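Peer 1: In this text, residue positions in the sequence shown follow the UniProt record's numbering: the first is 1, and each later residue adds one.
Using N, Cα and C, we set each Cβ at its ideal position, and we do this for glycine too.
Small disclaimer: the values here were computed from a predicted structure and weren't measured.
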Amino acid sequence: MDSGDSHRPGTPRSDPRLSERDMDTHLLVNKEIRVYLAQPSIDFAEEWLKKPDIPSSDEIMGNFGSAEDEYVELTPNNITGPWDSTDEYLKAHYELLREDAIAPLRDAVAYVRDDPQMTDSKLVSIYDKVYFTGITFAQRGLGIRIRFSTRRAEKNIAWEYSKRLVSGSIVALSPADDAFQQKCIVAIVAARPLEGVQKHPPEIDIFLARLEDFEFDPQKEWIMVEAKDGYYESVRHTMAALQKLKQEKFPLSEHICLLDPNVRAPDYVEQDPIFDLQSVASETAEAAEGHKVDILKSWPREPSQAMDITQWQALHEMLTKRLSLIQGPPGTGKTYVSVVALRVLLSNVKHGDSPIILASQTNHALDQLLRLVATFETNYIRIGSRSNDPEIKRRTLYCARKNEPAVTVHGSVLGAARKEQKVLTQAIARTLQPFNAENTNAPLPASLFVEYGLLTETQLDNLKKGAEGWTRPTDSEDTDPLVVWLGDKLVPFEVGYERESFGFEEDEVDLEYEQLKELEAEQGIEEDDYEILKGQFINLQDGVCGCKISCSETSATDNLKQKDLWKVREEARGAMYDVLRKQLMTKMTEGLRQQVLLYSKNCENLLVGKWERDYHVLRTAKVIGMTATGLSKYRGLISSLRPKIVLIEEAAEAIEAPIVAACFDSLQHMILVGDHQQLRGHCTVQELGGEPYNLGVSMFERLVKNGMNYVMLNRQRRMAPEIRQLLEPIYGELNDHESVRKRPGVRGMGIIRSYFFTHIWPESRDSLASKYNDMEAQMIAEFVVYLVQNGNTMKDITILTFYNGQRKKLLTVLRHHPYLQGQYMNVVTVDSYQGEENEIVILSLVRSGENDIGFLSIANRVCVALSRARRGFYMFGNAYSLAKQNQLWRDVLTLMANNEPQRRLGTQLPVTCVKHKRTTLIQGLSDWNKINGGCDCHCDETLDCGHPCPIKCHSFSHDQVECNDICNKRMACKHACSRPCAISHICRCTCEVASQLDGLRLHYEAQGSTTPLEGPSPYPEAVRHYQAFASGGAKEHDALLLKKATETAAAARPTPGTEADEDLLLSETEVASSPQERNTTVPLSEENLMEI
């Protein structure tokens, strides 16, 4: 690396290539992209290299050719010891991945083939009354608009929360009268705009897998099947990447496949090991002078103040090994170390170096990482889907391209491909013009049948001659002769879609919204409105068909041989039209397929041209970010940039194949950061994930367990020590940073930072077979209310569960609780909370059966669940069932039961009053009613009205307490108010003095004074003020009033001997401080004592 680079971290970099680009907007094409995407010769290739990325109809139908091929023999993922060769490694992972992707749809089709009338099941979604209604000429491909019925779901579908038919899903279609007995068409969902699926009937766009299967008949009915498990879009590009790797050199394969433990430094580091460590080594003595260090020979022994010793070791490993593995247990700062490593690498780039590739398993985690990168390097670009972060959104490839000046890439295919698309679009649209919407109420014209050779010129002439002798009120001069010939033997073609109502309770909400958006984001379309397929759209409609009478297709075909069709009896003409129409569809489809194939090929050229343009946008970036799926999806584009360095976060959360896709031909340095003890990669077919196939094992985990060198971070900065202790059965003893020892406790819980509330409440199963526990949900809801009453905010509380059924149940209970109305509830599944944390975490474990605890037995998921809380962690479940069936849970529960000085497991939840420090044990739902967020002592504090608080200890404000005592406040006339405090009122007396004072006040105010009469000035002074502005006869009247008021006030004074000029009106200060008298004659009811 160039040690003379004077760039300072944290400031935007300048790049000479930018100015060159500004000077010359005519750029040369990078031909590596079209070479990468060119289809290689596969005549003599192995069978697995010949397979297309989207499965064939035969694969989905299970047509294996011979009985011995009926069962595919899969090579397991070898997780112990080296592979025999890289070829065997690539082939095994390809076949395992393909089986995992295809098996769910293959099984779904088999179910429907065996029972064509079946309704939706746990594994299959079925859509009938499927019709083709239009075509979209998109740059991604020819999209076919379909309309369908969801009646077989037997429930309403909340499309905004459902992953049904999400963009990128794979589906299979078959003619309704065949139902997968003989014919099957495979398609990918191209777009599922919300406004489309919320129509009646719903609509989506699809891409056909094989354009040889292209059909467009708007009257042909289909049935469509979708597997409820899996998401094809996330694996199809990875399979293609594995095939491509077989044709390239495979960097790092000696370590990844053959497990060579001798990992040397990257080539570029060996050539120039002098690194500037200014960004991290300012506190290090060895690197103080100039910050230049030979990182291979003179790495500083002591870390900077900001890093602990294991983080420092990890940084050294990341910078000096071609393949580095960094394990980061929860809260140990693995993302921080990744960002530090990136900062060092960016501080040492040479002019002309390729961008650093940064990847993460999820879009959410990628955005978090890029936000940190942006603090010191603004020249980054995010490839792929939209981002919710406005700053990152401005740095997506789509936005970066829009903000660049228009350029011409010499030699690119983009311009020619765009012109060709217009030509092909016009040609296909012209062919389909007879089926446009405006022609829907009439039969297809006779001239069209002549054009395709289905009627002769003689037949057409005879039709015209015969039509001249017929006139109907509805006919005009240009009425087609076929219309006249058919007469009333045509009927409208209509499809009825009944509106089903299955009740809101059965509404299908089968995914968290965040998870759904993650799936849609993986479609990877850059445009902001990627849910809509862009391009010219044409309707396909054919609104009439022949009357269905007893005339066979054979007879109708024979009748069509008549030279004069007027000689055919009228009853047979409708059937003849249907035969003609069917023959026309066959002929038109044959001709269109050739044009559609050309259109598809041109779409490939459009992609090549776009990537040739995007190459020039990306090559000036310093960092390029994408998801693990993006590493495969955009592999051809990224390869053209010749990247040397790839850093992958959450590397243990992905299965092996997507990570292998990052082994670009130019790769010199791969950094994998993750934790195989937390969430693992997801397999659709569970049998493939575990033994013996082990597809769910990540590359990270396999390498670590096979003895490859790795560094584990062991100083955690997230959890209070009492919570961190629960991870000892998984990680051993992690060290605590001093900051976690100073964390404040949880208000209302005393010294209890973690607790396991055990119960035997039964679990249930919802309509989607997900587990839930109603009683547990209600107990947690009351606990959340208690925490909020004690001053803990909702934003600091997260409720975790392993089951989406329980998540829905919790949200329902919480949203209906009167105390939580209008509050945001953070209720999520464990799988979607990887990498997240919160101050207080409540874990709902749900399971309470005897024989099985399901997801709760998966150690990786348990690890994530136990490690999300910073200050308070509270679990609700059946401890006996967990300890009986799982060793990890037995170890965790043993730690909690043996905790000193206080046991942290029991059937009673200890809550502690903030005011009295008194602990109350909560055993069931009814116990929450015995406290008001406090304890069972009396409150005894004073209300604003001056009376003692009448209810038990509570945590909420006294503003919410209603006082039923008599007010008893002294008024200006010295009488006590007799109204109840609970009734909103102004203290006012009806005595003569009060009336006179009211009159005096009104008169006083009428003269424009802004000083209240009951202010601090004494009564005589008020009188003098009054006399000063009084005049005429009013003076005499006022003098008499003053005299009478003074005498009356003197008689009403409770204490004799006070001075004669004492004010009759108490000041505000005196009112506030005057003693209150409690009316003991009003008894307090039990309801008042317990009122909240």
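Under DSSP, the alpha helix (DSSP H) around VAL697 begins and ends at which residues?
Peer 2: First-last for VAL697: undefined, no H or E at that position.
Peer 1: Per DSSP, what kind of secondary structure is TRP222 in: helix, strand or coil?
Peer 2: DSSP places TRP222 in strand when its eight states are reduced to three.
Peer 1: Under 8 Å between the Cβ atoms of residue 1159 and HIS954?
Peer 2: Residue 1159 is absent from the structure shown; the chain starts at 1 and stops at 1092.
Peer 1: Among ILE392, VAL788 and ILE671, which has the Cα closest to the Cα of residue 1126?
Peer 2: This structure cannot settle anything about residue 1126, because the visible part of the chain is limited to 1 through 1092.
Peer 1: Can you tell me whether DSSP reads ASP940 as helix, strand or coil?
Peer 2: Coil.
Peer 1: Three Cβ pairs or more, each shorter than 8 Å: is that satisfied between the stretch 268–276 and the stretch 329–340?
Peer 2: With the cut-off at 8 Å, the stretch 268–276 and the stretch 329–340 do not touch.
Peer 1: Considering only residues of the same chain and omitting the five flanking positions on each side of CYS981, which have a CB-CB separation below 6 Å?
Peer 2: Closer than 6 Å at the Cβ level, and outside the excluded window around CYS981, lie CYS945, CYS963, ASP965 and CYS967.
Peer 1: The alpha helix (DSSP H) spanning GLU468 covers which residue range?
Peer 2: Its alpha helix (DSSP H) spans residues 457–468.
Peer 1: Any idea what DSSP makes of LEU325, helix, strand or coil?
Peer 2: Strand.
Peer 1: Could you please give the first and the last residue of the uninterrupted beta strand (DSSP E) stretch that includes GLY872?
Peer 2: First-last of the beta strand (DSSP E) with GLY872: 869–877.
Peer 1: Tell me which same chain residues have a C-beta within less than 6 Å of the C-beta of ILE525, skipping the five on either side of it?
Peer 2: Low per-residue confidence applies at ILE525: pLDDT is 47, beneath 50, and the placement is therefore not dependable, though the value from the model is reported in the following sentence. No residues qualify anywhere along the chain.
Peer 1: Could you give the residue range of the alpha helix (DSSP H) that holds ALA341?
Peer 2: Start and end: 334–347.
Peer 1: What separation, rounded to the nearest whole angstrom, lies between the Cα atoms of LYS633 and ALA172?
Peer 2: Going by the C-alpha atoms only, they are around 23 Å apart.
Peer 1: Within the same chain, show all residues whose beta-carbon is closer than 7 Å to that of ALA657, passing over the 5 residues directly before and after it, in chain order.
Peer 2: Excluding sequence neighbours, ALA657 sits near HIS93, LEU97, THR238 and LEU242.
Peer 1: For PHE207, which of helix, strand or coil comes out of DSSP?
Peer 2: Of the three classes helix, strand and coil, the one that applies to PHE207 here is strand, per DSSP.
Peer 1: Cα separation between LEU606 and GLY543?
Peer 2: Taking the straight line from one Cα to the other gives about 36 Å.
Peer 1: With a CB to CB cut of under 6 Å and the five nearest residues on each side skipped, what residues in its chain are close to VAL413?
Peer 2: These residues qualify, in order along the chain: ASN605, VAL608 and GLY609.
Peer 1: If I'm right that LEU695 touches ASN860 with Cβ under 8 Å, what's the distance once you round it to whole angstroms?
Peer 2: Not a contact, Cβ separation roughly 15 Å.
Peer 1: Near GLU1021, what residues of its chain come up, given a Cβ to Cβ distance below 8 Å and the 5 sequence neighbours on each side ignored?
Peer 2: Its pLDDT being 44, under 50, GLU1021 is placed unreliably by the model, and the measurement read from it follows with that caveat. So no residue of the chain qualifies.
Peer 1: Pick from GLY748, TYR36 and ASP796: whose alpha carbon is nearest that of TYR824?
Peer 2: The option with the nearest alpha carbon to TYR824 is ASP796.
Peer 1: Determine the extent of the beta strand (DSSP E) in which SER957 is found, giving its start and end residues.
Peer 2: That residue, SER957, is in no beta strand (DSSP E); it is neither H nor E in DSSP.
Peer 1: For the beta strand (DSSP E) containing GLU839, name the first residue and the last one.
Peer 2: From DSSP, the beta strand (DSSP E) with GLU839 extends over 838–844.
Peer 1: Who are the Cβ neighbours of ILE645 in its own chain at under 6 Å, not counting the five residues just before and after it?
Peer 2: Cβ neighbours of ILE645 beyond the five flanking positions: ILE356 and HIS669.
Peer 1: Reducing DSSP to helix, strand and coil, say where TYR232 ends up.
Peer 2: TYR232 falls in the coil class under three-state DSSP.
Peer 1: Just to confirm my understanding: we take ASN30, look at its own chain, exclude 5 residues before and 5 after, and list those with CB closer than 7 Å. What are they?
Peer 2: Within the same chain, ASN30 has close Cβ partners GLU612, TYR615 and SER640.
Peer 1: If you drop the 5 nearest sequence neighbours on each side, which residues of the same chain put their C-beta closer than 7 Å to that of CYS991?
Peer 2: Cβ within range, chain order: CYS973 and HIS975.
Peer 1: Can you tell which of ILE730, ALA101 and LEU252 has its C-alpha closest to the C-alpha of LEU895?
Peer 2: It is ILE730 whose Cα lies nearest to the Cα of LEU895.
Peer 1: Kindly indicate the opening and closing residues of the alpha helix (DSSP H) around GLN536.
Peer 2: Where GLN536 is concerned, there is no enclosing alpha helix (DSSP H), although the beta strand (DSSP E) it sits in stretches over 536–539.
Peer 1: For the stretch 415–451, which segments carrying the alpha helix (DSSP H) assignment without a break, of at least 4 residues, lie completely within its bounds, in sequence order?
Peer 2: The stretch 415–451 contains these whole alpha helix (DSSP H) runs: 446–451.
Peer 1: Less than 6 Å between C-beta atoms, sequence neighbours within five positions excluded: which residues of the same chain meet that for GLY141?
Peer 2: Hits under 6 Å: PHE207 and CYS603.
Peer 1: Closest to CYS663 by CA distance: which of MET224, ALA628, GLU99 and GLU215 is it?
Peer 2: The shortest C-alpha separation from CYS663 is found at ALA628.
Peer 1: Report the three-state DSSP secondary structure of ASN826 (helix, strand or coil).
Peer 2: Residue state, collapsed to three classes: strand.
Peer 1: How many angstroms separate the CA atom of GLY230 from the CA atom of SER698?
Peer 2: One C-alpha to the other measures close to 18 Å.
Peer 1: How about ALA897 and MET719: do their beta carbons lie closer than 8 Å?
Peer 2: No.
Peer 1: If you reduce the DSSP assignment to three classes, tell me which class PRO721 lands in.
Peer 2: Three-state result, PRO721: helix.
Peer 1: For the stretch 111–125 against the stretch 582–601, do three or more pairs of beta-carbon atoms, one drawn from each stretch, fall closer than 8 Å, so that the two count as touching?
Peer 2: The stretch 111–125 is not in contact with the stretch 582–601.
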